[in-house]
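To keep things clear, I will list the structure first and then write my remarks on it.
Number of protein chains: 2
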Amino acid sequence: MKPIALAIVEDDPIIRESLRTFLGGDPQFELVYSAVSMEDFLQTLQQDERVSPSVLLLDIQLPGQSGIEGIPSIKKLRPGIDIIMLTTFEESDKIFAALCAGACSYLSKRVSLITIRDAVLTVHRGGSYMSPSIARKVVEHFAPIPKKEDGPLTPRQQEIVDCIVNGLSYKMTADKLGISLDTVRTHIKHIYHVLEINSKGELIRRSLDKNK
Amino acid sequence: MKPIALAIVEDDPIIRESLRTFLGGDPQFELVYSAVSMEDFLQTLQQDERVSPSVLLLDIQLPGQSGIEGIPSIKKLRPGIDIIMLTTFEESDKIFAALCAGACSYLSKRVSLITIRDAVLTVHRGGSYMSPSIARKVVEHFAPIPKKEDGPLTPRQQEIVDCIVNGLSYKMTADKLGISLDTVRTHIKHIYHVLEINSKGELIRRSLDKNK
DNA sequence: TATCGCCTCCCATCAAGATGTGATAACGGC
DNA sequence: GCCGTTATCACATCTTGATGGGAGGCGATA
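Sequence lines, in order, name chains P and H. Going by the working numbering, the first sequence opens with residue 1, and the numbers climb by one from there. Going by the working numbering, the second sequence opens with residue 1, and the numbers climb by one from there.
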């Protein structure tokens, strides 16, 4: 089995060297590059096509350009690379910023070298590893406290909203619900007051990202 | 240390019994309930306040009400419960449905009993465990392969669209971009032609589910 | 240079939506 | 019975949006 081409971008010399020693000494890996800054790494990627790691261990906090900021550039130069973020702190916004930018794994530097090694193997197999506490933050993102606040709207009002959101005009809505145009208007007026909005656009947006 | 109160809802007798034997025999856990259907489980929760597991192992596919469908009801009866989904197939939509409903962990039934045990412990500590392949699906949700399909719109047109989608009126858009109201109108006109739509509503909808 | 795409602006018109005032009626709870 | 909520309808007014036409400036490129 071919060793996994690995790159490390980490400014802390102690962590970098320990990763280097541990992973570099493992025949499963081939350490193709290690850098202390994003700028250095990007420059190398640009200048030397042969530097093409399949997995990158990337410190999230770097002097100069941060790890997160650099992800898009890295992805542009090497689209297939799998990025594992290494982090000292578990800040939700950083986590999501990194994942949105294209990182596929995120783990704390406090975990053991063995865990990091396993994460690399997992990622290379097409999986993803996240520290449990980080994974929890991620899942909480999906269910941010089941705010089943399905709007303070009455059933009738909700019907009107559904029609509007589905692209119907006031007139079409009136026809569909068998009420008059003015009644639709009145409902809309109330809805706007209740939701504290003042345009169809806002209504549509609110409904759409409430139900998704 | 007090044992972790555990419940299992799983219709497959083989899996249920093996979980029961393995986890029930571990002094770290106390198996407080095991059911074969969501209906049974909900009824018990409703009738007996004392049945209050802190972690639930829940099969995603059950006869009658599915695991996913039942999550909201469970959460309503026992808000603090941590739910670990057990699944045979790794379908993205099911995964997200479960997470959105409030599950905090998601793993394949193919993993070892030891892994399941560790997942329970992890979850009880406030973490979350996900099978690597499932975790990968989750992270891909955040960065859906930067399909920079930024539509057939010119940069300027895209700016106008962004403003409109963010709830600005034509007039506000004009002010923000420092151009005249008529110019905004002209752009919108062109955009509508290009995208083959004819209302602000459609524009908003299209932009919204393009970027997500 | 001439043409083309993009951005800018203006005019005009009609349809649609936003907002206010006011009114009637059914229903449930106190 | 009175009150609050919800739903219904009407009329009036003003703003916004949709769509048509025309036109000048600018940069790229054939």
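Beta carbons are placed, not taken as given, at the ideal position from N, Cα and C, and that holds for glycine. Remember, it's a predicted structure, so these values are computed and weren't measured experimentally.
{"Item": "Going by C-alpha to C-alpha distance, which of H:Glu39, H:Ile68, H:Leu56 sits closest to Asp93 of chain H?", "Value": "H:Ile68"}
{"Item": "Could you check where the alpha helix (DSSP H) with Asp26 of chain P kicks off and where it finishes?", "Value": "Note, Asp26 of chain P: premise wrong, no alpha helix (DSSP H); not H, not E."}
{"Item": "Which word fits Val161 of chain H, buried or exposed, when buried means at least 16 other C-beta atoms lie within 10 angstroms of its C-beta?", "Value": "buried"}
{"Item": "For the region 163 to 180 of chain P and the region 201 to 209 of chain P, state whether three or more C-beta atom pairs, one from each stretch, are separated by less than 8 Å.", "Value": "yes"}
{"Item": "Between Ile74 of chain H and Leu42 of chain H, what straight-line distance do the alpha-carbon atoms span, to the nearest angstrom?", "Value": "7 Å"}
{"Item": "Quick check on the burial criterion: 16 or more other C-beta atoms within 10 angstroms. Buried or exposed for Ile14 of chain P?", "Value": "exposed"}
{"Item": "Skipping 5 residues on each side, what residues in its chain have a beta carbon closer than 8 Å to that of Pro72 of chain H?", "Value": "Ala101, Gly102"}
{"Item": "Let me know if Pro63 of chain H comes out buried or exposed under the rule of 16 or more other beta-carbons within 10 Å of its beta-carbon.", "Value": "exposed"}
{"Item": "Is the CB-CB distance between Ile8 of chain P and Leu57 of chain P below 9 Å?", "Value": "yes"}
{"Item": "Please go through the region 79 to 107 of chain H and give each complete alpha helix (DSSP H) segment of 4 or more residues, from N-terminal end onward.", "Value": "92 to 101"}
{"Item": "Please list the terminal residues of the continuous beta strand (DSSP E) segment that includes Leu177 of chain P.", "Value": "Run containing Leu177 of chain P: none in the beta strand (DSSP E); it sits in the alpha helix (DSSP H), 170 to 177."}
{"Item": "Please decide whether Tyr192 of chain H counts as near chain P, where near means a Cβ-Cβ distance under 9 Å.", "Value": "no"}
{"Item": "Considering only C-alpha positions, which residue in the set P:Leu177, P:Thr87, P:Ser199, P:Ser128 is nearest to Ser66 of chain P?", "Value": "P:Thr87"}
{"Item": "Using 9 Å as the limit for Cβ to Cβ distance, is Ser199 of chain H near chain P?", "Value": "yes"}
{"Item": "Counting only C-beta atoms, is Arg117 of chain P closer than 9 Å to chain H at any point?", "Value": "no"}
{"Item": "Going along the chain, which residues of its own chain have a beta-carbon closer than 8 Å to the beta-carbon of Ser18 of chain H, five neighbours each way excluded?", "Value": "Leu113"}
{"Item": "Spatial neighbours of Lys109 of chain H within its chain, please: CB distance less than 7 Å, with the 5 preceding and 5 following residues excluded, ordered by chain position.", "Value": "Ile15, Leu86, Thr87, Thr88"}
{"Item": "Look at the alpha carbon of Phe96 of chain H and the alpha carbon of Ser180 of chain H, and state the distance between them as a whole number of angstroms.", "Value": "44 Å"}
{"Item": "Against chain H, with Cβ distances strictly below 9 Å, would Arg185 of chain P count as a contact?", "Value": "no"}
{"Item": "Determine the extent of the alpha helix (DSSP H) in which Val165 of chain H is found, giving its start and end residues.", "Value": "155 to 165"}
{"Item": "Is there a Cβ from chain H that is less than 9 Å from the Cβ of Arg110 of chain P?", "Value": "no"}
{"Item": "Can you check which of these residues, H:Val51, H:Leu208, H:Leu168, H:Pro152, is closest to His193 of chain H by C-alpha distance?", "Value": "H:Pro152"}
{"Item": "If we count Cβ pairs, one from each stretch, closer than 8 Å, do we get three or more for the region 124 to 135 of chain H versus the region 135 to 144 of chain P?", "Value": "yes"}
{"Item": "If I'm right that Val120 of chain P touches Val55 of chain P with Cβ under 8 Å, what's the distance once you round it to whole angstroms?", "Value": "5 Å"}
{"Item": "Using a beta-carbon distance below 9 Å, is Val139 of chain H in contact with chain P?", "Value": "yes"}
{"Item": "Output yes or no for whether 9 Å exceeds the beta carbon distance between Asp59 of chain H and Asp11 of chain H.", "Value": "yes"}
{"Item": "Between Gly178 of chain H and chain P, is any beta-carbon pair separated by less than 9 Å?", "Value": "no"}
{"Item": "Along the region 149 to 172 of chain H, where does the CB come closer than 8 Å to a CB of chain P? Name the residues.", "Value": "Ile164, Val165, Gly167, Ser169"}
{"Item": "Which residue's Cα is closest to the Cα of Pro79 of chain P: P:Gly178, P:Gln46, P:Ser199?", "Value": "P:Gln46"}
{"Item": "Based on DSSP bridge pairs, tell me the residues matched to Val55 of chain P.", "Value": "P:Leu6, P:Asp82"}
{"Item": "Looking at the C-beta of Pro132 of chain H, does it have a partner C-beta in chain P at a distance below 9 Å?", "Value": "yes"}
{"Item": "Need the endpoints of the alpha helix (DSSP H) that Lys76 of chain P sits in, please.", "Value": "67 to 77"}
{"Item": "Within the present structure, is the beta-carbon of Ala5 of chain P separated from the nearest heavy atom of the ligand NAP by less than 8 Å?", "Value": "With respect to the ligand NAP, the structure shown offers nothing to examine, as it has no ligands at all."}
{"Item": "Could you check if Asp82 of chain H is buried or exposed, using at least 16 other CB atoms within 10 Å of its CB as the buried criterion?", "Value": "buried"}
{"Item": "Beta-carbon separation of Arg132 of chain H and Val111 of chain P under 9 Å?", "Value": "Reading off the sequence shown, one finds Pro at residue 132 of chain H, where the question assumed Arg. No, the pair does not count as a contact, with Cβ atoms beyond the cut-off."}
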